[in-house]
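Here's the structure, in structure tokens; my notes come after.
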Amino acid sequence: MFERIEKALGTAGVSVWNIAKNHTRTAELYFIKKKLDLPRFNDILQYEVTVYRDSEAEGNKFRGQSTTYIVPGMTDEEIGRKIADAYFAAQFVKNPFYELPDKVVSPHCGSSSDLKDLPLEDIAEKLAEAALAADCEADAYLNSLEIFVHRKSFEIKASNGLHVSYDTDDVSGEFVTQCKEPEDVEQYREFSYDSLDPDALAAKIKEGLRDARLRANAKEMPASGTYDILITGENIPELFNYYAARASADMLYAGLSTWKIGDVIQGENEGGERLDLTLVADTPFNTEGVPMVDRELVRGGVLQTLFGSTRFCRYMGLEPTGRYRKFRVDCGSVPFAEMQKDGVLETVSFSDFQMDFFDGHFGGEMRLALLHKDGKAVPVCGGSVNGSILDVQGKLIFSKERYKSGTYEGPYAVLIPGIPVAGA
Amino acid sequence: MQVRSSAYLASMKPLCRKLLALLLERYRYASVLAADVDARDYSVSRSGISVSENNRFGKRGFVVRVYTGEGYAEYSGNELSEEKFPEILAELEHSIREADGHFARYQTAVSADEPLQFVKSTEYAVDPHELGDEAILGKLSAVRKTAFEKKADLIDCAVRMSYQCYHKLFLSPKRDLEQNVLWSAASLAVLARRGEEVKDAYESISLLGGAELLDDLPGRLDHAIATLEDVLKSEPLVPGTYECVCTPEVTGMIVHEAFGHGVEMDMFVKDRALAQSHVGKPVASSLITMRDGAATGYEDVATYFFDDEGNTAQDTLIIDKGILVGGICDEVSAVRLGKKPTGNGRREAIDHKAYTRMTNTYFLEGDDRVEDMIASVKDGLLLEQPTSGMEDPKNWGIQCMVSFAREIKDGKLTGRIFSPIVLSGYVPDLLKSITMISGTVEHAGGGFCGKGHKEWVKVSDGGPYIKATIRLG
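Below, the structure is given as structure tokens:
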């Protein structure tokens with residue numbers, strides 16, 4: 003297919019281009035309680051073809067681009083038409099000129115995951131068996147489970163001779179736990195791993211069962227007021243994403259962030275802990291063929307680097323780094339148990355915890371929280387949290403305990419003081 | 312003009328028939344859904360100009376579904392040829408054998424597959440393809456330029472248009488269906504800085520049709536800028552329970568997120584929806600009647616003729632004068648529940664499972680005047696500009712976010728603005744508290760709907776202005 007696409011590019015007069023082949027095979031299992039609802043298998047092969055078109059007007063140089071997708075079964079005529087359409091569109095995209103990624107030629111990078119050694123269906127089965135085995139408690143149980151095992155193969159070629167290829171393997175999914183007494187309730191959880199770790203999934207299922215039981219016993223919502231709150235587990239990446247989003251060249255170029263390397267982006271230290279955040283490369287290259295490496299983004303609350311796609315990095319005078327979907331945050335020194343003080347509202351799950359990267363406001367409706375009172379953790383539910391990271395970032399306390407998922411490694415809990423809660 | 316059929320699907324139909332015949336030699340029931348999609352996104356913003364195909368929701372390919380005697384299995388791909396048949400059959404068989412060898416199946420009866428044949432297409436006035444990239448970008452750029460002429464200190468005015476022209480073919484032993492559908496959506500967002508914060512306001516429009524919707528976009532600019540000016544003056548809200556008037560957009564989010572997800576009947580099958588035990592009971596004020604359907608009177612981006620399981624689109628009554636009548640249903644859930652499917656089995660794309668999904672969902676109109684509704688509020692808020700929401704079918708909790716609220720005192724807007732706002736509470740409490748409802752339904756399909764945190768499909772929602780008591784934070 004590469005040859006057919008390259009031939010069509012030549013026929014259309016396209017001299018600058020990038021082709022990213024993505025072949026994804028996915029095994030999926032869907033369960034309702036302990037019974038298999040549906041097995042699915044996906045096999046999708048596509049070629050993402052980006053064409054570039056340069057022009058000049060009034061002394062300004064422009065580079066436009068447009069992307070089209072080529073899939074198996076397309077005739078040469080159709081491929082030619084799609085590329086010609088994209089090239090035609092690119093002439094109207096009058097963006098300032100920028101240099102594309104440097105030429106890189108690299109041997110094939112195989113998957114670094116231990117998942118690569120097993121057939122996709124076997125991985126799905128091992129995870130499902132671990133999850134179902136963990137579902138063995140009397141009062142709470144697994145309501146439903148979805149498992150997705152992805153095996154992806156990428157190959158990227160560009161008109162400047164760039165040629166790289168790599169494979170990745172990962173799993174993701176979601177499950178719901180249910181407890182019917184004293185109140186019929188559920189808890190929703192997501193998971194993602196880049197290695198075969200049935201034990202981690204089983205442990206997460208156990209936590210979900212525990213939380214469903216707690217939620218079933220949550221009779222009240224917290225009183226309205228201001229609380230020191232704990233954000234935990236899978237909601238934490240959303241909180242820290244504020245820093246990653248605002249340090250991206252895309253946001254800087256768009257004028258949505260004004261950060262510069264060396265800025266104290268965590269505000270003044272008001273008795274909290276300083277943020278150390280590292281962007282983690284989970285693929286060897288991005289889809290432009292830019293080599294991805296781990297990069298220290300924030301050290302001691304101070305911005306160390308900026309990152310982003312090639313176009314916006316070039317515009318901002320930065321080295322193109324690619325975008326990142328995974329990051330690591332250094333843990334703190336306070337044990338989680340010490341954070342659970344009287345008066346603290348420990349959030350366990352939200353309907354959808356959200357951070358607004360534009361203005362730093364975060365919040366959501368609490369599906370389950372634990373109000374620490376008189377040495378006890380009282381389960382509560384309902385009500386909402388609505389805070390601003392700008393008001394509290396100098397006071398954040400990070401737990402000593404670590405949480406790990408396919409996209410985040412870092413403190414299991416973050417203590418945020420003085421957050422308004424709308425409750426009873 | 313009517314959307315034309317896909318030449319690609321026409322050429323692939325004999326191959327799909329052959330594959331179906333092969334599958335039916337092995338399985339009691341099989342179906343093939345084939346899709347061909349032309350989807351394109353345009354944007355003009357400070358980040359630059361962009362024109363590209365949208366591949367996330369616009370994949371060409373096919374889905375095979377077979378009945379194994381106990382339940383269903385699926386294979387989806389985008390390479391269909393006679394040479395590929397043995398691989399498809401082998402992979403399907405392997406998936407079924409492996410799964411059945413390890414796990415007990417959720418027993419499901421086979422689909423009814425009542426005979427049905429048709430070819431249908433939606434209509435449009437302006438074909439975006441014919442209008443062309445240059446003209447579309449020109450219209451978007453003109454709106455952006457005007458925005459800066461009206462308010463020079465904007466950080467940005469991002470203007471976007473998307474369209475999706477999709478063609479689907481559904482074949483089963485007794486069904487042969489084809490549909491050709493075009494929808495379009497456009498939006499503008501204006502942004503300005505307030506210290507470290509960036510505040511925004513947006514307008515979005517959508518329709519079942521083509522680029523003719525761009526004619527309405529310039530007229531939305533003044534309202535967006537006025538809204539932004541208001542949001543820039545906003546202050547934090549003291550959390551509490553307030554008497555609220557909701558704009559139709561906010562009503563739409565409440566309809567969709569707070570109640571609509573709870574009547575998706577695949578959740579009934581899983582025992583994940585409280586609504587299941589409330590059918591026939593009051594769940595809302597008697598002023599409330601709610602409908603959902605791809606064949607409702609309100610055409611929008613989720614209008615179609617058959618769903619992704621080959622069932623015809625319908626117009627489903629969900630709440631009738633406050634009483635929950637029933638839900639919406641995909642094919643497999645309908646079989647399990649002993650119900651008829653309502654044409655709501657939808658996939659994000661061919662490489663996704665079908666779930667019960669909403670389409671065009673809305674509350675019907677009442678007979679109050681908006682000015683009377685505001686005048687009736689002693690101390691409350693007018694809620695505007697929804698941003699996101701999340702369903703909780705099991706416990707009917709509410710999480711809806713809106714950009715801002717306008718203060719109402721003694722029946723008048725005071726000019727004070729609060730932002731941002733989180734709505735929470737218990738769905739029936741909110742719906743039963745509705746005391747006034749305006750006379751005109753407005754609906755919009757600018758966004759996408761997820762099931763939980765994934766499976767995005769295009770939907771529209773809306774309703775009239777409503778007055779209700781809501782907990783806000």
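Top to bottom, those sequences are chains R and X. For what it's worth, this note's numbering labels the leading residue of the first sequence as 3, then goes sequentially. For what it's worth, this note's numbering labels the leading residue of the second sequence as 312, then goes sequentially. Don't be surprised by glycine CBs; every beta carbon is placed ideally from N, CA and C. Since the structure is predicted, the reported quantities are computational estimates derived from the model, not experimental observations.
Can you name the residues of chain X whose CB is closer than 8 Å to the CB of R/Pro200? For the purposes of this step, residue 200 of chain R is identified with residue 198 of the first sequence, where counting begins at 1. Simply none; closest approach about 14 Å.
Please classify X/Thr558 as buried or exposed, where buried requires at least 16 neighbouring CB atoms within 10 angstroms. Here residue 558 of chain X refers to the residue found at position 247 of the second sequence. Buried is the call here.
Cutoff 7 Å: R/Gly210 Cβ touching any chain X Cβ: Here the question's residue 210 of chain R lines up with position 208 in the first sequence. Closer than 7 Å: no.
Indicate whether X/Val752 and X/Pro731 have their beta-carbon atoms separated by less than 7 Å. Translated into the one-based positions of the second sequence, residue 752 of chain X becomes position 441. Translated into the one-based positions of the second sequence, residue 731 of chain X becomes position 420. The criterion of a C-beta distance shorter than 7 Å is not satisfied by X/Val752 and X/Pro731.
R/Ala247 - containing alpha helix (DSSP H), residue span: As a first step, residue 247 of chain R is located in the first sequence; it is residue number 245 there, counting from the start. Here the alpha helix (DSSP H) through R/Ala247 covers 238-248.
What residues of chain X sit near R/Leu31, judged by a beta carbon separation below 7 Å? Residue 31 of chain R sits at position 29 when you count from the first residue of the first sequence. Result: Ala410.
Chain R contact residues for X/Val314, given Cβ-Cβ distances below 7 Å: The residue you call residue 314 of chain X lines up with position 3 of the second sequence. Neighbours of X/Val314 on chain R: none; closest Cβ ~18 Å, over 7 Å.
Could you give the DSSP three-state label for R/Ala214: helix, strand or coil? The count along the first sequence starts at 1 and reaches residue 214 of chain R at position 212. In the displayed model, R/Ala214 falls within a helix according to three-state DSSP.
Nonlocal neighbours in the same chain, by C-beta distance under 7 Å from X/Ala645, ignoring five residues either side: Locating residue 645 of chain X in the second sequence gives position 334, counting from the first residue. Around X/Ala645: Lys651, Pro652.
What is the rounded straight-line gap between the Cα of R/Ala29 and the Cα of R/Ala126? Position 27 of the first sequence, counted from the first residue, corresponds to residue 29 of chain R. Position 124 of the first sequence, counted from the first residue, corresponds to residue 126 of chain R. Whole-angstrom Cα-Cα distance: 7 Å.
Between which two residues does the alpha helix (DSSP H) holding X/His413 run? Your numbering for residue 413 of chain X matches position 102 in the second sequence. Where X/His413 is concerned, the enclosing alpha helix (DSSP H) stretches over 396-413.
Please state whether DSSP places X/Ala496 in a helix, a strand or coil. Within the second sequence, residue 496 of chain X is the residue found at index 185, counting from 1. DSSP places X/Ala496 in strand when its eight states are reduced to three.
Residues that DSSP places opposite R/Trp261 in a beta bridge: For the purposes of this step, residue 261 of chain R is identified with residue 259 of the first sequence, where counting begins at 1. BP columns for R/Trp261 are empty, so no partner.
For R/Gln395, return the contacting residues in chain X, with the cut-off set at a CB-CB distance below 9 Å. Here residue 395 of chain R refers to the residue found at position 393 when the first sequence is read from its first residue. Scanning chain X for C-beta atoms nearer than 9 Å to the C-beta of R/Gln395 yields nothing, as the closest lies near 11 Å away.
C-beta atoms of X/Gly633 and X/Ile685 nearer than 7 Å: Along the second sequence, read from residue 1 onward, the residue named residue 633 of chain X stands at position 322. Along the second sequence, read from residue 1 onward, the residue named residue 685 of chain X stands at position 374. It is not a contact, given that the beta carbons lie outside the stated cut-off.
Buried or exposed for X/Phe429, please, with buried defined as at least 16 other CB atoms from any protein chain shown within 10 angstroms of its CB. In the second sequence, residue 429 of chain X corresponds to position 118, counting from 1. X/Phe429 should be labelled exposed.
Determine, using beta carbons only, whether X/Gly340 and X/Val421 come nearer to each other than 7 Å. The count along the second sequence starts at 1 and reaches residue 340 of chain X at position 29. The count along the second sequence starts at 1 and reaches residue 421 of chain X at position 110. The sequence as given places Tyr at residue 340 of chain X; Gly does not occur at that position. Pairing X/Tyr340 with X/Val421 gives a Cβ-Cβ distance under 7 Å.
Check whether the Cβ atoms of R/Met357 and R/Glu240 sit closer than 7 Å, and answer yes or no. Position 355 of the first sequence, counted from the first residue, corresponds to residue 357 of chain R. Position 238 of the first sequence, counted from the first residue, corresponds to residue 240 of chain R. Result yes, Cβ atoms of R/Met357 and R/Glu240 sit closer than 7 Å.
Using DSSP with H/G/I as helix, E/B as strand and the rest coil, what is X/Val561? Mapped onto the second sequence, residue 561 of chain X falls at position 250. The answer is helix: DSSP assigns X/Val561 an H, G or I state.
Complete beta strand (DSSP E) runs within the segment 505-552 of chain X (minimum length 3 residues, chain order): Taking only runs of at least 3 residues, the beta strand (DSSP E) segments lying wholly in the segment 505-552 of chain X are 508-518.
Identify, in the order they occur along the chain, each residue of the same chain with its Cβ nearer than 8 Å to the Cβ of X/Lys370, setting aside the five sequence neighbours on each side. In the second sequence, counting from the first residue as 1, residue 370 of chain X sits at position 59. Result list for X/Lys370: Ala346, Val348, Asn389, Ala660, Ile661, Asp662, in chain order.
Among X/Ser515, X/Tyr474, X/Leu427, X/Ala401, the one whose alpha carbon lies nearest that of X/Ile447: As a working note, residue 447 of chain X is residue 136 in the second sequence. X/Tyr474 is the residue among X/Ser515, X/Tyr474, X/Leu427, X/Ala401 whose C-alpha sits nearest the C-alpha of X/Ile447.
Would you identify the three-state DSSP class for X/Ser588, choosing helix, strand or coil? Along the second sequence, one-based indexing puts residue 588 of chain X at 277. Under the three-state reduction of DSSP output, X/Ser588 falls in the helix class.
Name the DSSP beta bridge partners of R/Trp19, please? Taking the first sequence and counting its residues from 1, one reaches residue 19 of chain R at position 17. Per DSSP, the beta bridge partners of R/Trp19 are R/Val53.
Taking just the CA atoms, how far does X/Glu514 sit from X/Asp411? Taking the second sequence and counting its residues from 1, the one referred to as residue 411 of chain X is at position 100. Taking the second sequence and counting its residues from 1, the one referred to as residue 514 of chain X is at position 203. Inter-residue distance for X/Asp411 and X/Glu514 is about 50 Å (C-alpha atoms, whole angstroms).
Quick check on R/Pro422: does DSSP put it in helix, strand or coil? Counting from one through the first sequence, the residue named residue 422 of chain R turns up at place 420. If DSSP states are grouped into helix, strand and coil, R/Pro422 belongs with the strands.
Can you name the residues that DSSP bridges to X/Glu434? The residue given as residue 434 of chain X occupies position 123 in the second sequence. Looking at the DSSP assignment, X/Glu434 forms a beta bridge with X/Gln313.
Indicate whether R/Pro41 and X/Ala384 have their beta-carbon atoms separated by less than 7 Å. Position 39 of the first sequence, counting from 1, holds the residue named residue 41 of chain R. Position 73 of the second sequence, counting from 1, holds the residue named residue 384 of chain X. In contact: R/Pro41 and X/Ala384 (Cβ atoms closer than 7 Å).
For a contact defined as C-beta to C-beta under 7 Å, what are the partners of R/Ser68 on chain X? Sequence index remark: in the first sequence, residue 68 of chain R carries index 66 (1-based). Under a criterion of Cβ atoms nearer than 7 Å, the residues of chain X adjacent to R/Ser68 are, in order, Val362, Ser363.
Following the continuous beta strand (DSSP E) through X/Lys720, name the residue where it begins and the one where it ends. Sequence index remark: in the second sequence, residue 720 of chain X carries index 409 (1-based). For X/Lys720, the enclosing beta strand (DSSP E) starts and ends at 708-720.
Classification of X/Glu441 by the beta-carbon crowding that lies within 10 angstroms, buried from 16 upward: Taking the first residue of the second sequence as 1, we reach residue 441 of chain X at position 130. Looking at its Cβ environment, which holds fewer than 16 other Cβ atoms inside 10 Å, X/Glu441 is exposed.
Do you know how far the Cα of X/Arg455 is from the Cα of R/Gly264? Reading the first sequence from its first residue, position 262 is the one you call residue 264 of chain R. Reading the second sequence from its first residue, position 144 is the one you call residue 455 of chain X. Note on geometry: alpha-carbon atoms of R/Gly264 and X/Arg455 lie some 34 Å from one another.
List the residues of chain X whose Cβ lies closer than 7 Å to the Cβ of R/Ser353, in chain order. Here residue 353 of chain R refers to the residue found at position 351 of the first sequence. Residues of chain X passing the Cβ test: Met701, Asp703, Gly708, Gln710.
Looking only at C-alpha atoms, which of X/Cys640, X/Ile630, X/Phe616, X/Lys778 sits nearest to X/Glu682? The count along the second sequence starts at 1 and reaches residue 682 of chain X at position 371. X/Lys778 is the residue among X/Cys640, X/Ile630, X/Phe616, X/Lys778 whose C-alpha sits nearest the C-alpha of X/Glu682.
Taking Cβ-Cβ distances shorter than 8 Å, what residues in chain X pair up with R/Phe360? For this step, residue 360 of chain R is matched to residue 358 along the first sequence. Listed along the chain, the chain X residues whose CB falls inside 8 Å of the CB of R/Phe360 are Leu502, Glu508, Val509, Lys510, Asp511.
Could you tell me whether any Cβ in chain R is nearer than 7 Å to the Cβ of X/Gly649? Indexing the second sequence from 1 puts residue 649 of chain X at position 338. For X/Gly649, no CB of chain R lies under 7 Å from its own CB, so it is not counted at the interface with that chain.
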